[in-house]
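Quick notes on the structure that follows.
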Amino acid sequence: MTDQATPTGTNEAGAPGRYVEEGEFTRDTNYIEDRILRDGSQGWPVEAGRYRLVAARACPWANRSVIVRRLLGLEDAISLGLPGPTHDARSWTFDLDPDGRDPVLGTERLQESFLARFPDYPRGITVPALVDIPSGQVVTNDYPQITLDLSTEWTEHHREGAPDLYPVALRAEIDEVADLVFRDVNNGVYRCGFAGSQEAYEKAYDRLFSRLDWLSERLATQRYLVGDTITEADVRLFTTLARFDAVYHGHFKCNRQKLDEMPVLWAYARDLFQTPGFGDTIDFVQIKQHYYLTHTDINPTRVVPAGPETWGWLEPHGREELGGRPFGDGTPPGPVREGERVPEGHGAVPRGGRATRPSEARAAVSGTPVPGSADAVADRS
Numbered sequence: 488m489t490d491q492a493t494p495t496g497t498n499e500a501g502a503p504g505r506y507v508e509e510g511e512f513t514r515d516t517n518y519i520e521d522r523i524l525r526d527g528s529q530g531w532p533v534e535a536g537r538y539r540l541v542a543a544r545a546c547p548w549a550n551r552s553v554i555v556r557r558l559l560g561l562e563d564a565i566s567l568g569l570p571g572p573t574h575d576a577r578s579w580t581f582d583l584d585p586d587g588r589d590p591v592l593g594t595e596r597l598q599e600s601f602l603a604r605f606p607d608y609p610r611g612i613t614v615p616a617l618v619d620i621p622s623g624q625v626v627t628n629d630y631p632q633i634t635l636d637l638s639t640e641w642t643e644h645h646r647e648g649a650p651d652l653y654p655v656a657l658r659a660e661i662d663e664v665a666d667l668v669f670r671d672v673n674n675g676v677y678r679c680g681f682a683g684s685q686e687a688y689e690k691a692y693d694r695l696f697s698r699l700d701w702l703s704e705r706l707a708t709q710r711y712l713v714g715d716t717i718t719e720a721d722v723r724l725f726t727t728l729a730r731f732d733a734v735y736h737g738h739f740k741c742n743r744q745k746l747d748e749m750p751v752l753w754a755y756a757r758d759l760f761q762t763p764g765f766g767d768t769i770d771f772v773q774i775k776q777h778y779y780l781t782h783t784d785i786n787p788t789r790v791v792p793a794g795p796e797t798w799g800w801l802e803p804h805g806r807e808e809l810g811g812r813p814f815g816d817g818t819p820p821g822p823v824r825e826g827e828r829v830p831e832g833h834g835a836v837p838r839g840g841r842a843t844r845p846s847e848a849r850a851a852v853s854g855t856p857v858p859g860s861a862d863a864v865a866d867r868s
């Protein structure tokens with residue numbers, strides 16, 4: 488996703504827009520609320536091969552849907568489109584695909600699918616989005632509901648051994664924890680980074696680290712956030728933790744500590760990272776490209792950091808001592824599909840290995856990202 492408020496700016500010719508707001512940052516959560524349901528009651532029935540998930544590797548909100556799709560084994564049922572790590576004032580673009588077009592949808596911009604259904608769509612063109620392939624129209628960009636529906640509505644198409652990420656008996660607790668994590672952590676890092684005043688920033692900063700302390704205490708004695716298996720709550724926390732040291736600590740000024748200086752959360756994050764379906768979706772190069780190239784009011788030079796090193800993600804975590812069963816009575820997902828693998832050098836690189844440098848990776852991103860313009864609505868991850 489990003490944040491659906493409209494970035495302000497100076498002109499249509501590419502002058503950078505602003506993501507920082509006056510006072511506190513407020514996220515627009517008015518998404519397209521249509522759902523893909525087994526009974527088809529909203530006009531979008533569950534149907535293998537009909538829908539395409541468009542999800543940028545860089546975006547933490549989109550990353551959730553990629554993880555859940557992989558854990559549940561929905562690759563054959565729902566195809567995956569991967570925009571590049573940056574977007575201009577109008578939309579995420581498929582600039583890494585041949586000829587700059589999504590090979591299934593045939594579009595250059597995700598915006599085309601939104602406008603195909605809503606010609607005057609006024610809000611952010613956000614990822615993740617589920618697109619109806621036959622019509623080319625967007626169905627929904629309601630990212631919290633997308634992952635829940637993948638777990639509960641697409642069960643007929645789950646792989647054998649798929650985990651139950653949203654067990655009925657734990658749903659109330661999962662929802663409660665996920666709401667706290669969203670308010671103070673997932674969205675909290677943005678409230679720090681996009682704060683327009685010292686007071687707003689410090690308020691968000693205090694809430695963020697107070698919640699991280701709470702999470703550390705909770706996870707000191709249990710392996711996962713709710714119950715003894717991986718659930719939706721873990722997926723939602725993980726995608727923020729995976730970006731914390733690479734982006735949020737410096738770029739968003741969330742700098743009381745780095746993740747690797749918070750022992751419990753660092754071990755928890757490594758445990759998930761090393762679990763099939765989590766770390767194999769993380770592209771640190773595209774993550775850094777997105778934030779440091781797109782938020783030009785925060786990083787006007789658009790210089791992308793070379794670090795941090797990523798080998799620590801592969802170090803032993805010791806969380807097995809707490810018990811727990813990652814997939815419950817299920818099994819791990821199989822290997823990542825061809826065409827969906829994170830490029831070599833973009834993920835966690837072992838000690839002594841060579842990570843892709845920003846100067847090498849930028850050549851793969853065509854065009855000049857334009858974060859905002861006076862009359863356009865951009866996605867703000």
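For the working numbering, add 487 to where a residue sits in the sequence shown, where the first one is 1.
Glycine included, every Cβ here is placed at the ideal spot set by N, Cα and C.
These figures come from a predicted structure and were not determined experimentally.
Counting other Cβ atoms within 10 Å of its Cβ, Thr783 reaches 16 or more and is therefore classed as buried. Between Arg844 and the set Pro803, Leu809, Lys775, the nearest pair of CA atoms involves Lys775. A check of alpha carbon separations from Glu689 across Asp700, Phe760, Gly675 identifies Gly675 as the nearest.
In the three-state reduction of the DSSP assignment, Asp651 falls in the coil class, being assigned neither a helical nor a strand state. In the displayed model, Asp700 falls within a helix according to three-state DSSP. Taking the Cα of Val672 as reference, the smallest distance to any Cα among Arg610, Asn628, His736 is reached at His736. In the three-state reduction of the DSSP assignment, Pro572 falls in the coil class, being assigned neither a helical nor a strand state.
Taken in chain order, the complete beta strand (DSSP E) segments of 3 residues or longer contained in the segment 577-654 are 616-619, 624-627.
In this structure, the alpha-carbon of Leu561 lies about 6 Å from that of His644.
Here Tyr755 has Leu706, Arg806 as same chain residues with Cβ atoms under 7 Å from its own Cβ, once five neighbours each way along the sequence are excluded. Looking at Pro631, Gly810, Met749, the one whose alpha-carbon comes closest to that of Asp666 is Pro631. The beta carbon of Arg557 sits closer than 7 Å to those of Gly764, Thr768, Pro820, all from its chain and outside the five residues before and after it, given in chain order.
Taking a cut-off of 8 Å on C-beta distances, the segment 533-551 touches the segment 715-732, as three or more cross pairs fall below it. With a cut-off of 8 Å on Cβ pairs, the segment 830-849 is not in contact with the segment 738-756, counting fewer than three such pairs.
Apart from sequence neighbours up to five positions away, the residues of its chain that approach Arg596 with a beta-carbon distance below 6 Å are Ser578, Thr580, ordered along the chain. Inter-segment contact for the segment 537-546 and the segment 599-619 is present: three or more beta-carbon pairs are separated by less than 8 Å.
Annotation: the continuous alpha helix (DSSP H) that includes Tyr779 extends over 771-781. If you check the CB distance, Val555 and Leu637 come in under 7 Å. Taking a C-beta distance under 7 Å as the contact criterion, Val829 and Asp770 qualify as a contact pair. Assignment of Pro787 by DSSP, reduced to helix, strand and coil, places it in the coil class. Out of Ser703, Arg824, Gly832, Tyr677, the CA that lies nearest to the CA of Thr797 is found in Gly832. In this model, Arg678 and Gln529 are separated by some 34 Å (Cα to Cα). Rounded to whole angstroms, the Cβ separation of His777 and Pro570 is 10 Å, and the two are not in contact under 8 Å. Spanning the alpha carbons of Pro822 and Thr762 requires a straight line of approximately 12 Å.
Closest by C-alpha distance to Ala835, out of Thr788, Phe760, Asp584, is Phe760. Taken through DSSP and simplified to helix, strand or coil, Arg539 comes out as strand. Of the candidates Ala682, Val668, Asp715, Thr708, Val668 places its Cα closest to the Cα of Ser697. Judged by DSSP secondary structure, Cys741 falls outside any alpha helix (DSSP H); it is assigned neither H nor E. Annotation: Trp701 to Ser684 spans about 26 Å, alpha carbon to alpha carbon.
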